[in-house]
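This report concerns only the one structure given below.
Residue numbers (this note's numbering): 11 to 225.
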């Protein structure tokens with residue numbers, strides 16, 4: 011049975027169970043944050059367009075956030091509602107947008123906040139500036155989609171390679187405990203394991219750097 015013939019009982023090791031739980035938690039957290047960031051990037055051009063149309067209709071920037079939230083969809087709705095609440099309380103737009111840029115962890119959103127602050131303090135053609143920003147964001151998203159499509163094969167291969175080593179280790183732990191013990195107790199086995207881990211990590215690093223350069 012599992013745990014009787016294996017070198018270390020799988021469920022009897024608190025440290026092993028804790029490590030698995032922490033790894034799963036951080037992977038889920040990273041995935042959730044990635045989805046949230048992606049949703050923010052997708053909704054930002056539409057939100058900028060809504061603010062632009064409202065300002066061109068003669069509505070002050072301070073009142074535009076309240077008007078666009080009724081028809082806006084996406085994760086920025088709550089943020090715009092919070093901005094409107096602070097503005098209604100009399101907090102200056104500069105302070106409100108600076109705080110908002112800290113809550114929304116996107117460089118693109120910081121550009122949006124800076125544009126609004128500069129326009130309020132120095133004036134200028136806000137509509138044209140926001141139009142260019144929204145178009146730039148759309149072009150960038152389109153480029154990102156093309157890059158993801160072209161690098162999909164490399165990223166899939168990297169995931170398979172990354173899962174291969176722990177998968178084989180788990181298989182050996184259950185079905186070949188003597189071989190599993192050999193990798194950790196025998197000097198030759200330790201060298202083999204070290205070589206495999208270093209090779210896989212080096213390969214994953216190279217693939218990551220190649221994909222990152224394309225981005």
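For each residue, glycine too, the CB sits at the ideal point set by N, CA and C.
Residue 123 is a Cβ neighbour of residue 110, given a cutoff of 8 Å. Per the coordinates, the alpha-carbon of residue 75 lies some 41 Å from the alpha-carbon of residue 220. In this structure, the beta-carbon distance from residue 212 to residue 118 does not fall below 8 Å. Collapsing the DSSP output to three states places residue 67 in coil. In the DSSP assignment, residue 180 falls within the alpha helix (DSSP H) that extends over 162-185. Judged by their CB atoms, residue 127 and residue 155 are not nearer to each other than the 8 Å cut-off. DSSP places residue 129 in the uninterrupted alpha helix (DSSP H) bounded by 117-132. Listed in chain order, the alpha helix (DSSP H) runs fully inside the region 83-111 are 86-98, counting runs of at least 4 residues. At a Cβ-Cβ threshold of 8 Å, residue 140 and residue 125 count as neighbours. In this structure the region 58-68 does not lie against the region 95-107, because fewer than three pairs of beta carbons, one per stretch, are closer than 8 Å.
By the C-beta density criterion, residue 78 is buried, having at least 16 other C-beta atoms within 10 angstroms. The shortest C-alpha to C-alpha distance from residue 179 to any of 93, 206, 190 is the one to 190. Using a Cβ-Cβ distance cut-off of 8 Å, the region 197-217 and the region 169-177 are in contact, since at least three pairs of beta carbons, one from each stretch, lie closer than that value.
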